[in-house]
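Visitor:
Chains as they are written, first to last, in our numbering: chain A, 86 to 403; chain U, -4 to 255.
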């Protein structure tokens, strides 16, 4: 399993490689993407630098928030061709606009397409749909359990399509990426006027004052409704509902053959990014060593136990 | 003329009758939207879904089967449903909220019309409080090439200034609830998952059917409505003045949702 890390400056590339990143991705201003920040400096310089270190560079092109007139769509196609000429090794895509744009180009760039989690793929038929549309890698949404993903992983394996998961410790949202308008106040209004990033984890605790009231309750289930109201209150003030992504799930994805592990927090400053990649490398090293020396079930138990007490002091490449 | 529909969702005709709502619904609405739109844990069993669809078809009503985001479990259930449809396949419409359902419908030889559901509207539209814009001509072609001709959106509580351009698609507008976000491990129903457990899936007990919940969130000015795995906003006021205004938005079908 390779670690895929975001970078925003060519100067980060060598340290990230040394920390254990096996692949990189970035964003540029000319190609809209999902997330914050873009690469400082020319894309080609960064790509060349990464290639000299044996690292591939993917470009995030997974915006779902943009509209394109005819000329704007043509300009986007031009930007993607330029990125291909700069040597990028993959486009991370989500919007139907891009899939169709590539299909309609007379000479589409010969760059692999990675299906972003922003266009979530939860099953083998969605995988089949996008494999036919040309993707060579599927980035799995964080809200999918390994057991649920078994059919999807088989579909990808049979088609020679790679798979990627997000790291569960530093990244993840309750809501399904690409199907969420909570952060974008296009229908509602934030009290503070800011984005309300903690909404991801329900976030009510920070400001206090959450109120929950049952409506349209089924009279036959009144007691159940009251219990649910208490659960909803607790979950909205304490970090949200349970998560499928945890240490056990990570280990199952690892042994299930998922090839890439993405550290996906683009907002983090470079120093923190480096620190987290080191952490992920150490966790992967642990998974690799346990899987190599113990039977699968015992290795998983040991891995989960070690991760439960993990405080980030157990290694990582310097 | 704008067609009028009602989302009866997971309720069977017998349940609607027991609630005293069946006769009024049959008298008032031409379209019946059955199934589960957002959560596969609420997807009725294939046989129950088929019987519900056939009941309304037997009453000379038009039926659209709603399908949610799907994991492999939902794919298996939906495949069984499609295989059971031999008698009424052409008369049914299907709404997909997962492109895997579109793929599956094709594999199973589903013959009816297919709509792209409300969980997919960001793929095609930029929908905001007062406006509706097509993302691109390419996005529209992406869907129409697959035979999808109708698209579903939620009412935002206002008349929409629609900029859809030539060849604009047919729209179905749901009211009075607007879906803002959806989860898989929902806030209401998912049992706790210990950190040492790699979950086999969502062990849902359908507790969410007990009620919806109004939430006054300290970070958001408007009240939210949590129902099942989805968070909604509620816009109970009339949002259009005439058929003409709906036509200007390319809306030719309205679907009333008694519940979110």
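Every residue gets a Cβ at the ideal spot worked out from N, C-alpha and C, and that includes glycine.
Just so you know, these numbers come straight off a predicted model, no measurement behind them.
(1) From this set, A:388, A:126, A:183, which residue's C-alpha is nearest residue 130 of chain U's C-alpha?
(2) Cα separation between residue 27 of chain U and residue 54 of chain U?
(3) What is the DSSP secondary structure of residue 0 of chain U, counted as helix, strand or coil?
(4) Anything in chain U within Cβ reach of residue 208 of chain A, meaning under 8 Å, just list it in chain order.
(5) Round the Cβ separation of residue 90 of chain A and residue 109 of chain A to the nearest angstrom and send it over; I've been treating them as touching at under 8 Å.
(6) Exposed or buried, which one is residue 361 of chain A when buried takes at least 16 other CB atoms within 10 Å?
(7) Keeping to the same chain, check which residues put their C-beta closer than 6 Å to that of residue 122 of chain A; ignore five residues upstream and five downstream.
(8) Can you tell me which residues form a DSSP beta bridge with residue 26 of chain U?
(9) Between which two residues does the alpha helix (DSSP H) carrying residue 321 of chain A extend?
(10) Please identify the residue among U:25, U:93, U:105 whose C-alpha is closest to the C-alpha of residue 111 of chain U.
(11) In this structure, what does DSSP give as the bridge partners for residue 165 of chain U?
(12) Residues of chain A with CB under 7 Å from residue 137 of chain U, in chain order?
(13) Rounded to a whole number of angstroms, what is the C-alpha to C-alpha distance between residue 401 of chain A and residue 46 of chain U?
(14) For residue 144 of chain A, report the span of its beta strand (DSSP E) as first-last.
(15) Quick one: which unbroken alpha helix (DSSP H) runs of 4-plus residues sit fully inside the region 230 to 277 of chain A? Chain order, please.
(16) Between the region 220 to 236 of chain A and chain U, which residues of the former have CB atoms less than 9 Å from a CB of the latter, in chain order?
(17) Among the residues of its own chain, which have a CB less than 6 Å from the CB of residue 2 of chain U, if the five just before and after it don't count?
(18) Determine the DSSP secondary structure at residue 175 of chain A, reduced to helix, strand or coil.
(19) Give the secondary structure of residue 198 of chain A by DSSP, where H, G and I count as helix, E and B as strand, and everything else as coil.
(20) Taking a Cβ distance cut-off of 9 Å, strictly less, list which residues of the region 189 to 209 of chain U are near chain A, in chain order.
(21) Going by other Cβ atoms of all chains shown within 10 Å of its Cβ, with 16 needed for buried, is residue 191 of chain A buried or exposed?
(22) Considering Cα atoms alone, identify which of U:208, U:58, U:114 is closest to residue 107 of chain U.
(23) Quick check on the DSSP output: the beta strand (DSSP E) that includes residue 235 of chain U runs from which residue to which?
(24) Just to confirm before moving on: does the CB-CB distance between residue 169 of chain A and residue 128 of chain A stay below 7 Å?
(25) Tell me residue 88 of chain U's beta-bridge partners as DSSP assigns them.
(26) According to the Cβ coordinates, are residue 410 of chain A and residue 212 of chain A closer than 7 Å?
(27) So residue 313 of chain A and residue 31 of chain U are in contact, right, with Cβ under 8 Å, and what is the actual spacing, rounded?
(28) Run the CB neighbour count on residue 66 of chain U, radius 10 Å, all protein chains shown included, and call it buried at 16 or more, exposed below.
(29) Identify every residue that forms a DSSP beta bridge with residue 111 of chain A.
(30) Using 7 Å as the threshold, is the C-beta distance between residue 137 of chain U and residue 240 of chain A below it?
(31) With distance defined between alpha-carbon atoms, name the residue in U:194, U:64, U:148 nearest to residue 125 of chain U.
(32) Figure out for me which residue from A:248, A:387, A:394 has the closest Cα to the Cα of residue 338 of chain A.
(33) Can you look up residue 209 of chain U in the DSSP assignment and give me helix, strand or coil?
(34) Strictly by DSSP, which residues pair up with residue 90 of chain A?
(35) Which term fits residue -4 of chain U, buried or exposed, when burial requires 16 or more other beta carbons within 10 angstroms of its beta carbon?
Guide: The answer reads as follows:
(1) As a working note, residue 130 of chain U is residue 135 in the second chain. The shortest C-alpha separation from residue 130 of chain U is found at A:183.
(2) Residue mapping note: residue 27 of chain U aligns to position 32 of the second chain, counting from 1. Residue mapping note: residue 54 of chain U aligns to position 59 of the second chain, counting from 1. The straight-line gap from Cα to Cα measures roughly 11 Å.
(3) On the second chain, residue 0 of chain U is found 5 positions in, with the first residue counted as 1. Strand at residue 0 of chain U.
(4) Taking the first chain and counting its residues from 1, one reaches residue 208 of chain A at position 123. Listed along the chain, the chain U residues whose CB falls inside 8 Å of the CB of residue 208 of chain A are 65, 66, 67, 69, 70, 93, 95.
(5) Within the first chain, residue 90 of chain A is the residue found at index 5, counting from 1. Within the first chain, residue 109 of chain A is the residue found at index 24, counting from 1. Yes, residue 90 of chain A and residue 109 of chain A are in contact; Cβ-Cβ is about 6 Å, under 8 Å.
(6) One-based indexing of the first chain puts residue 361 of chain A at position 276. By the neighbour-count rule (16 or more Cβ atoms within 10 Å), residue 361 of chain A is buried.
(7) For the purposes of this step, residue 122 of chain A is identified with residue 37 of the first chain, where counting begins at 1. Taking C-beta separations shorter than 6 Å and ignoring five residues to either side along the sequence, the partners of residue 122 of chain A in its chain run 93, 351, following chain order.
(8) In the second chain, residue 26 of chain U corresponds to position 31, counting from 1. Beta-bridge pairing links residue 26 of chain U to U:0, U:57.
(9) Mapped onto the first chain, residue 321 of chain A falls at position 236. Per DSSP, the continuous alpha helix (DSSP H) segment holding residue 321 of chain A begins and ends at 307 to 322.
(10) Numbered from 1 along the second chain, position 116 holds the residue referred to as residue 111 of chain U. Of the candidates U:25, U:93, U:105, the one whose C-alpha sits nearest the C-alpha of residue 111 of chain U is U:93.
(11) Taking the first residue of the second chain as 1, we reach residue 165 of chain U at position 170. Residue 165 of chain U is bridged by DSSP to U:145.
(12) Here residue 137 of chain U refers to the residue found at position 142 when the second chain is read from its first residue. Chain A residues near residue 137 of chain U: 181, 184, 185.
(13) The count along the first chain starts at 1 and reaches residue 401 of chain A at position 316. The count along the second chain starts at 1 and reaches residue 46 of chain U at position 51. Residue confidence for residue 401 of chain A is low, a pLDDT of 42 falling below 50, so the modelled location carries little weight; the figure read from the coordinates is stated next. Answer to the nearest angstrom: the Cα atoms are 58 Å apart.
(14) Along the first chain, read from residue 1 onward, the residue named residue 144 of chain A stands at position 59. Unbroken beta strand (DSSP E) run through residue 144 of chain A: 141 to 146.
(15) Within the region 230 to 277 of chain A, the complete alpha helix (DSSP H) segments at least 4 residues long are 235 to 244, listed from N- to C-terminus.
(16) Within the region 220 to 236 of chain A, the residues whose Cβ lies closer than 9 Å to some Cβ of chain U are 226, 228, 229, 230, 231, 232, 233, 234, 235, 236, listed in chain order.
(17) Taking the first residue of the second chain as 1, we reach residue 2 of chain U at position 7. For residue 2 of chain U, where only same-chain residues beyond five positions count, the Cβ hits under 6 Å are 28, 250, 252.
(18) In the first chain, residue 175 of chain A corresponds to position 90, counting from 1. Residue state for residue 175 of chain A is assigned as strand, using DSSP reduced to three classes.
(19) Sequence index remark: in the first chain, residue 198 of chain A carries index 113 (1-based). In the three-state DSSP reduction, residue 198 of chain A falls in the strand class (E or B).
(20) Within the region 189 to 209 of chain U, the residues whose Cβ lies closer than 9 Å to some Cβ of chain A are 189, 190, 191, 192, 193, 194, 195, 196, 197, 202, 203, 204, 205, 206, 207, 208, 209, listed in chain order.
(21) By 1-based counting over the first chain, the position of residue 191 of chain A is 106. So residue 191 of chain A ends up on the exposed side.
(22) Here residue 107 of chain U is taken as the residue at index 112 of the second chain, counted from 1. Ranking the options by Cα distance to residue 107 of chain U, first place goes to U:58.
(23) As a first step, residue 235 of chain U is located in the second chain; it is residue number 240 there, counting from the start. Going by DSSP, residue 235 of chain U is part of no beta strand (DSSP E) at all; its letter is neither H nor E.
(24) Position 84 of the first chain, counting from 1, holds the residue named residue 169 of chain A. Position 43 of the first chain, counting from 1, holds the residue named residue 128 of chain A. For residue 169 of chain A and residue 128 of chain A, no; Cβs fall outside 7 Å.
(25) Sequence index remark: in the second chain, residue 88 of chain U carries index 93 (1-based). DSSP, once it has assigned bridges, lists U:59, U:108 as partnering residue 88 of chain U.
(26) The requested residue 410 of chain A is not part of the displayed model; chain A covers only 86 to 403.
(27) In the first chain, residue 313 of chain A corresponds to position 228, counting from 1. In the second chain, residue 31 of chain U corresponds to position 36, counting from 1. With 8 Å as the limit, residue 313 of chain A and residue 31 of chain U do not qualify as a contact, their Cβ atoms being about 19 Å apart.
(28) As a working note, residue 66 of chain U is residue 71 in the second chain. It counts as buried.
(29) Along the first chain, read from residue 1 onward, the residue named residue 111 of chain A stands at position 26. Residue 111 of chain A is bridged to A:144.
(30) One-based indexing of the second chain puts residue 137 of chain U at position 142. One-based indexing of the first chain puts residue 240 of chain A at position 155. No; because the gap between Cβ atoms is not below 7 Å, this pair is not in contact.
(31) Along the second chain, read from residue 1 onward, the residue named residue 125 of chain U stands at position 130. Cα-wise, what sits closest to residue 125 of chain U is U:148.
(32) For the purposes of this step, residue 338 of chain A is taken as residue 253 along the first chain, with counting starting at 1. Of the candidates A:248, A:387, A:394, the one whose C-alpha sits nearest the C-alpha of residue 338 of chain A is A:248.
(33) Here the question's residue 209 of chain U lines up with position 214 in the second chain. DSSP places residue 209 of chain U within a strand segment (E or B) once states are collapsed to three.
(34) Position 5 of the first chain holds residue 90 of chain A. The bridge partners DSSP lists for residue 90 of chain A are A:109, A:348.
(35) On the second chain, position 1 is the one that residue -4 of chain U refers to. It is exposed - the Cβ of residue -4 of chain U has fewer than 16 other Cβ atoms within 10 Å.
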